[in-house]
Each structure stands twice: as C-alpha cells, then as structure tokens.
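What follows is a set of notes on a single structure, which appears directly below.
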Amino acid sequence: MERQSKIRALVSATAALALLSVAFPLAAHGPTSRPAGAPAPAPRVPAYRVVDVGTLQEGVSSLFRGLNNSGHGAGGSGTFGSGHRALMLSSTRVEPIGPPGADYSRAFGLNDLGEVVGSVNTSSAVRGFVWSRTAGLRLLSPLPGDSGSEGFGINARGETVGVSSGPRGVNAVRWTSSGVPQALATVAGTRTSRALAINDAGDAVGSAEDGRARRAIRWRGGASAEELGALPGHVTSEAVAINTRGEVAGWSGPLGGERASLWAPGLAVRDLGTLPGGQWSRARAVNGHGEVVGSSGSSLGARAFRWTAAAGLQDLNDLVPISDFVLLDVAGVNEAGEILVIGRDELPDAGADTHTNHEFPVRVFFLQPLP
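Numbering (our numbering), first residue to last: 3 to 373.
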C-alpha cells in the first residue's frame, strides 16, 4: 500500500464536521426537483425526530461509517488540498482522534466501548490503528513480509478486521484483541481480498477479487472463506455489514446497476430493490433487528433509504417532518433504530445534474425513532 502523498495542513475540528462521502458524486445525483408530470409525493408521516448536527463548508472531502449504540459515529474529513483527519462524532461533539501530527488519518468503524478503527500515515506506509480515549492509539501490524495495513471493522471483543498489503498484494486479515494479525482464508482463483466488518461472534464479511469481478465473502469465526453469491444474472457482489443474527448486507451487480442485497442464514440472497425511478441501490449497514439502511437512486436523484421485511424499501425523506433538506446517504444504524445520515439543503430550482451541485455544503443528521 503506497503512502499517501504529503498534504500541507490539517483541517480544524469545526471545518471537519463531516459525514459519509456517497458512492456517487453529488454531480451525478440527478435532479432535486420533481420532474414534469411526476405524481406529487404522498404526505409525510413522521417516523423520526431529526437532530441537525451541523453544516459543512463547501469543498469538504469526507467519509463516515458506523454508528454504535451510544450514538457515536466514526470517520474523517478534510478540505481539498489539505490534510485528512480521523474523527469521532456525536450529536453534540466532534472529536479529532489519532496522531495530531499525521497528514492523513481516517476512521472506518467503532464498537460500543468507543474503540475506533481506521488508518493513518506513518513514515513508510499507511497503517491500521485502534484508538480509544483511555488507551490512546495502537497501530495494527501487517502480516509478516507486508508493509501496510488498514482496519475497517471492530467488534465488542476488540477483534478487528481489514487488510494487510505488501509484495504479495492486498489480503483480508483479522487482528486479535491484543493486536496479533492473522491472515483470513483465501478463495481459490482470487487475487485480492478485504474484510470490512465483524460481528461479536467473530464472523467477518467482505469481498475477494479474481481480476474480473468482486465477490461477497463471509469468514465464519475468522476461519474458512465462504462465497455468498450474487443476485441472478449478476457476477459482482460485496458484503459490507453483518449483524448479531448473521444477516449480511451489501450489494450485487455492476456499477450503476447494483442492487442493495441481504443474505440471511439458510435463505437465498434477497434483492432489496430501488426507490421509484431508481437504477441502483447500495446497503450500508444492518442492525440486529434486520433493519437495513443505505442509498438508492430515484426519479429525484440519490436518496437515503430504510428497508424492513414488513415495510420494504422506504425513502427516509418521507419519514421525517422537515422538507427543506434532502437526505442522500446513510452512515449507520444502531440497535435502537437511530440512523446517521448526510444530506444537503433542498434546491427546488436546481434542475438536472450540474457540476455546481457537487459544491453545495453537506449537512449531517441523527434520526431518532419517534415512540
């Protein structure tokens, strides 16, 4: 893994109040107003209380993933042409974490103990880390012979998953709670692999690639690798989250036509669909109740969604009482059903795709279920 290029300055905590960088640039999200002839939206039936965390300055690069049961998220943010700093976020506070002198750091996940996993520049390569307020920062060693690592997920036992990289390529790895790296099993014919999430039972999920396609993988107890498959007609898939029941969320299909997917024990992979008018969708997270959240295309552009077996795929914009902003994507959902989302101000006269849309400030919200 090559070291990130030196960047001149770190962002401040206030400039860095940022969330998930969506899978598709804002300029490609499509129109923000209802197309001519489209039916009027149904009246909103609020299901959530909205907590407005803050608004970001224009031109911010950001990535946030994960929400724990204490209401904290983890990620990182930086302005273009400046440094990128790992953060932990709550509804009232933004806390920079990691080495203060590093020109690059990013957090990808956290557990209920407040332990955050991510990656940071070192003098020779990017290295994964685990951070907590009590223990500070601990680097995650790569596998023997490798030089770089990144941590993507951490469970309640402090077990971490991610990748180790070096002359042999990029391979999925699991670290014990004490930081010992263990290579995860490979799949025949694949060249690279990465583990993105791990549940409290030690089951990890991610993907492996053979040079032609990416395939969703599950490692049971960190042992043998199992291909999860894809939706009918698809050859590409990736698993990004796993809950305590062993349900796995991710996506299946080609870029621009992928579908949010759910793999449940003993059942075939399930297509979660898209919002009306949408051509793609991606799941980001799943909680222990089987509630899946993510982002979907629609006739109005990218929209954040919630899916349940009872209600199907729902636009989160239809479930909040405020209509002067648009919810675009989701960072995570916890066991209480709280959702961490990003959006921006509603632009009723913006029309179709424009480069300008990419520069509008980003807004961060917590959605808290109403009784």
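We put the beta carbon where it would ideally sit given N, CA and C, even for glycine. Quick caveat, the model's predicted, so the values are computed rather than measured.
Buried versus exposed, by CB contacts within 10 Å (16 or more), residue i
i       : result
Ala-306 : buried
Arg-135 : exposed
Arg-95  : exposed
Leu-89  : buried
Arg-261 : buried
Val-237 : exposed
Ser-297 : buried
Thr-310 : exposed
Val-295 : buried
Gly-75  : buried
Ala-304 : buried
Gly-85  : buried
Leu-186 : buried
Gly-138 : exposed
Asp-326 : exposed
Gly-111 : buried
Ser-167 : buried
Val-372 : Per the sequence shown, the amino acid found at residue 372 is Leu instead of Val. Label assigned to Leu-372: exposed.
Val-322 : buried
Leu-269 : exposed
Gly-191 : exposed
Ser-72  : exposed
Ala-333 : buried
Option in the options with minimal Cα separation from residue i
i       : options                            : result
Pro-169 : Trp-177, Gly-160, Gly-73, Ser-149  : Ser-149
Leu-264 : Tyr-50, Pro-371, Leu-233, Gly-147  : Leu-233
Gly-235 : Ala-227, Ala-218, Gly-255, Glu-228 : Gly-255
Val-55  : Pro-371, Ser-209, Arg-346          : Arg-346
Gly-213 : Val-189, Gly-299, Val-295          : Val-189
Glu-240 : Val-322, Gly-268, Ala-287, Pro-144 : Ala-287
Glu-152 : Leu-142, Val-207, Thr-246          : Leu-142
Trp-133 : Ser-126, Ser-121, Ser-125, Ala-127 : Ser-121
Val-335 : Asn-201, Gln-370, Ala-266          : Gln-370
Ile-156 : Ala-185, Ala-243, Arg-272          : Ala-243
Val-364 : Glu-117, Gly-164, Glu-249, Val-328 : Val-328
Arg-140 : Gly-268, Leu-277, Thr-162          : Thr-162
Leu-330 : Ala-185, Ser-283, Leu-274, Gly-85  : Ser-283
Pro-144 : Gly-160, Gly-252, Val-175          : Val-175
Gly-275 : Gly-77, Ser-300, Val-322, Gly-292  : Ser-300
Ser-93  : Val-118, Arg-308, Val-52           : Val-52
Trp-253 : Leu-302, Glu-211, Gly-279, Arg-217 : Arg-217
Pro-146 : Ser-125, Asn-173, Asn-123          : Asn-173
Leu-230 : Ser-209, Leu-91, Asn-245           : Ser-209
Ala-199 : Glu-249, Gly-171, Glu-211, Val-332 : Glu-249
Gln-281 : Asp-317, Leu-257, Ala-266          : Leu-257
Which of helix, strand or coil DSSP assigns to residue i
i       : result
Leu-321 : helix
Arg-286 : strand
Gly-120 : strand
Gly-223 : helix
Gln-316 : strand
Pro-371 : strand
Thr-51  : Reading the sequence as shown, one finds Arg at residue 51 and not Thr. Looking at Arg-51 - three-state DSSP - the assignment turns out to be strand.
His-86  : strand
Ser-195 : strand
Val-271 : coil
Leu-233 : coil
Leu-257 : coil
Ala-338 : coil
Gly-103 : coil
Val-182 : coil
Gly-75  : strand
Gly-293 : First, the residue type needs correcting, since residue 293 is Glu and not Gly in the sequence shown. Looking at Glu-293 - three-state DSSP - the assignment turns out to be coil, as it is neither helix nor strand.
Gly-130 : strand
Gly-248 : coil
Thr-136 : coil
Ala-333 : strand
Gly-160 : coil
Val-366 : strand
Per DSSP, the bridge partner or partners of residue i
i       : result
Asp-174 : First, the residue type needs correcting, since residue 174 is Ala and not Asp in the sequence shown. According to DSSP, which records beta bridges pairwise, Ala-174 is partnered with Val-165.
Thr-276 : None, per the DSSP bridge assignment.
Ala-109 : Gly-120
Phe-154 : According to DSSP, which records beta bridges pairwise, Phe-154 is partnered with nothing at all.
Ala-98  : It should be noted that the sequence gives Pro, not Ala, for residue 98. BP columns for Pro-98 point to Leu-89.
Gly-208 : Ala-197, Ile-219
Asp-148 : Note: Asp-148 sits in no beta bridge, so no partner.
Leu-69  : Gly-75
Leu-115 : DSSP lists no partner for Leu-115.
Ala-243 : Ala-251
Ser-382 : Examination of residue 382 is not possible in this model, given that the chain is present from 3 through 373 alone.
Val-189 : Val-189 is not bridged to any residue.
Glu-228 : Arg-220
Taking three-plus beta-carbon pairs below 8 Å as touching, is the region 98–107 in contact with the region 66–74? no
Practice problem: Inspect the CB distances between the region 177–184 and the region 207–223 and report whether three or more fall short of 8 Å. | Solution: no
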